[in-house]
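Visitor: Mapping of the sequence shown onto the numbering used here: residues 910 to 1270, in sequence order.
By construction, the Cβ of each residue, glycine as well, lies at the ideal position given by its N, Cα and C atoms.
Have a look at the structure that comes next, please.
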Amino acid sequence: MIVNLVVRKRRRAVSLPIAGFMALGLLLAACGSSGSSSTATTSSPNTTAAGSTTTAVPNLGTVTFSQVGPDAGKWPIYAAISQGFFKQEGISVSVSVSGSSPSGVQEVLANSVNIAEVGDTDAISGAAAGGSVVLVAGEENAPPYVINVPKSITSIAQLKGKKVSVAAPTNITKLYWNAIATANGLNPADVTYLYSPTTGDRFAALKGGVVQAAILLPPFSFEAAAQGYPAIASAAKYLPYPFTALAVNPTWASANSAKLLAFLKGYLLGVKWLYDPANQAAAISLLVSVTKTTQSAATQSYDFFVNQLKTFPTNGSLSDTEMAKVAQAMVGLGAFKQAPPTSKFLDTSYITKAAQQLGIS
């Protein structure tokens, strides 16, 4: 499979044809670690995942997708690219790195990208403030976050008076931390917070001794444990609220429904591929390449995401009831005085149609 990479730096553009998705993974990992502006674009949709020429599927063009950074949460996206599912549906996908969930929301609001991976709370905040952003599909419906700490700390209660790193004051990571702390007898106000938007940043702060606890995602959480920073609490146990979702500008979605449906169908096929036990080895190798993690951390991530949490909804669903709970919980964080109705930030009509067209219930 051919991947065309376009790397932009200081107004210079270099186009490189690279065989294989592994090179794309290395680029995305580099983007996430360096913070530079880079874009990876899949080749034009003229072949199926099996490599045979297609004639029936129209070429719908390119869909731009923004991720916060490379981690296991985008596994189905990486699978859909590597296996050719997006091309199979008639689109190419250009992937960029936003660096933070709020930045992803801003990109959608400004129509800088078509679709962005965002934390649910950030999209809700944007919509509540009058912004044109809606969540159209669930990405990580079971939260994979854990709290990693130095070995010297053995309980959440011991973090009183210590420094803890979460993403942002009104981000969903703060909701998870508050629930974990409260359930373990610690007042969330009795710690000092360091706000870092990405798991990689928070992991670095933990390793550097800047903080004594960090909320991390796989595979970084497993890397942390292997380096002497074990996980002592899991968000899924204390607050099983949806974590991330796919966000769009509703105006763009309405005018480009065929593109959006094609993307969502490719995404769902990526989820299906990931959950197939026959693809376990390939999925693990894919995550190693994209995130530059270790084989051990990727293997543990697969077991955690696929076998334990089953975090990716097979039909891409987002529960109206669960999302209303997230919005209501944000009131307690001071995000707004009254939770907005889900109709203001949620539109599941596209993912429902995509699932129906694929025969997924």
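Which residue spans inside the region 997–1037 form an unbroken beta strand (DSSP E) run of at least 3?
Guide: List check, beta strand (DSSP E) in window: 1000–1006 and 1024–1028.
Visitor: Given residue 959, which residues of its chain have a CB within under 7 Å of its CB, disregarding the five upstream and five downstream residues?
Guide: Here residue 959 refers to the residue found at position 50 of the sequence shown. Low local confidence applies: a pLDDT of 44 at residue 959 is under 50, so the model's placement there is unreliable, with the coordinate-based value given in what follows. Contacts found: none.
Visitor: For residue 1217 and residue 1141, I'd like the C-alpha separation in whole angstroms.
Guide: Your numbering for residue 1217 matches position 308 in the sequence shown. Your numbering for residue 1141 matches position 232 in the sequence shown. Distance between the alpha carbons of residue 1217 and residue 1141 is about 17 Å.
Visitor: Which two residues bound the contiguous beta strand (DSSP E) that contains residue 970?
Guide: Along the sequence shown, read from residue 1 onward, the residue named residue 970 stands at position 61. Its beta strand (DSSP E) spans residues 970–976.
Visitor: Where does residue 1262 fall in DSSP's three states?
Guide: The residue given as residue 1262 occupies position 353 in the sequence shown. Looking at residue 1262 - three-state DSSP - the assignment turns out to be helix.
Visitor: Could you have a look at residue 1041 and say whether DSSP puts it in helix, strand or coil?
Guide: Working through the sequence shown from its first residue, we reach residue 1041 at position 132. Note: residue 1041 maps to coil in three-state DSSP.
Visitor: Please state if the CB of residue 1232 and the CB of residue 1079 are separated by a distance shorter than 8 Å.
Guide: Along the sequence shown, one-based indexing puts residue 1079 at 170. Along the sequence shown, one-based indexing puts residue 1232 at 323. For residue 1079 and residue 1232, no; Cβs fall outside 8 Å.
Visitor: Would you list the one or two residues that DSSP bridges to residue 1057?
Guide: Indexing the sequence shown from 1 puts residue 1057 at position 148. According to DSSP, which records beta bridges pairwise, residue 1057 is partnered with 1123 and 1140.
Visitor: Per DSSP, what are the beta-bridge partners of residue 1255 in this structure?
Guide: Here the question's residue 1255 lines up with position 346 in the sequence shown. Beta-bridge pairing links residue 1255 to 1044.
Visitor: By the DSSP assignment, the beta strand (DSSP E) with residue 1075 in it spans what residues?
Guide: Position 166 of the sequence shown, counted from the first residue, corresponds to residue 1075. Unbroken beta strand (DSSP E) run through residue 1075: 1072–1075.
Visitor: Buried or exposed, going by whether 16 or more other CB atoms sit within 10 Å of the CB of residue 1250?
Guide: Within the sequence shown, the letter at position 341 stands for residue 1250. Residue 1250 comes out exposed.
Visitor: Going by DSSP, what residue range makes up the beta strand (DSSP E) through residue 1157?
Guide: Translated into the one-based positions of the sequence shown, residue 1157 becomes position 248. Where residue 1157 is concerned, the enclosing beta strand (DSSP E) stretches over 1153–1157.
Visitor: Suppose you measure from the CA of residue 1262 to the CA of residue 1006; what does that come to, to the nearest Å?
Guide: Along the sequence shown, one-based indexing puts residue 1262 at 353. Along the sequence shown, one-based indexing puts residue 1006 at 97. About 28 Å.
Visitor: How should residue 1128 be labelled, buried or exposed, when 16 other C-beta atoms within 10 angstroms of its C-beta is the threshold for buried?
Guide: Position 219 of the sequence shown holds residue 1128. Residue 1128 should be labelled buried.
Visitor: Residue 1001 to residue 1179, Cα distance in whole Å?
Guide: Within the sequence shown, the letter at position 92 stands for residue 1001. Within the sequence shown, the letter at position 270 stands for residue 1179. Their backbone Cα atoms lie some 15 Å apart in a straight line.
Visitor: Where does residue 1270 fall in DSSP's three states?
Guide: On the sequence shown, residue 1270 is found 361 positions in, with the first residue counted as 1. Three-state DSSP puts residue 1270 in coil, outside helix and strand.
Visitor: How big is the Cα-Cα spacing for residue 1227 and residue 1176?
Guide: For the purposes of this step, residue 1227 is identified with residue 318 of the sequence shown, where counting begins at 1. For the purposes of this step, residue 1176 is identified with residue 267 of the sequence shown, where counting begins at 1. Those two C-alpha atoms are separated by around 15 Å.
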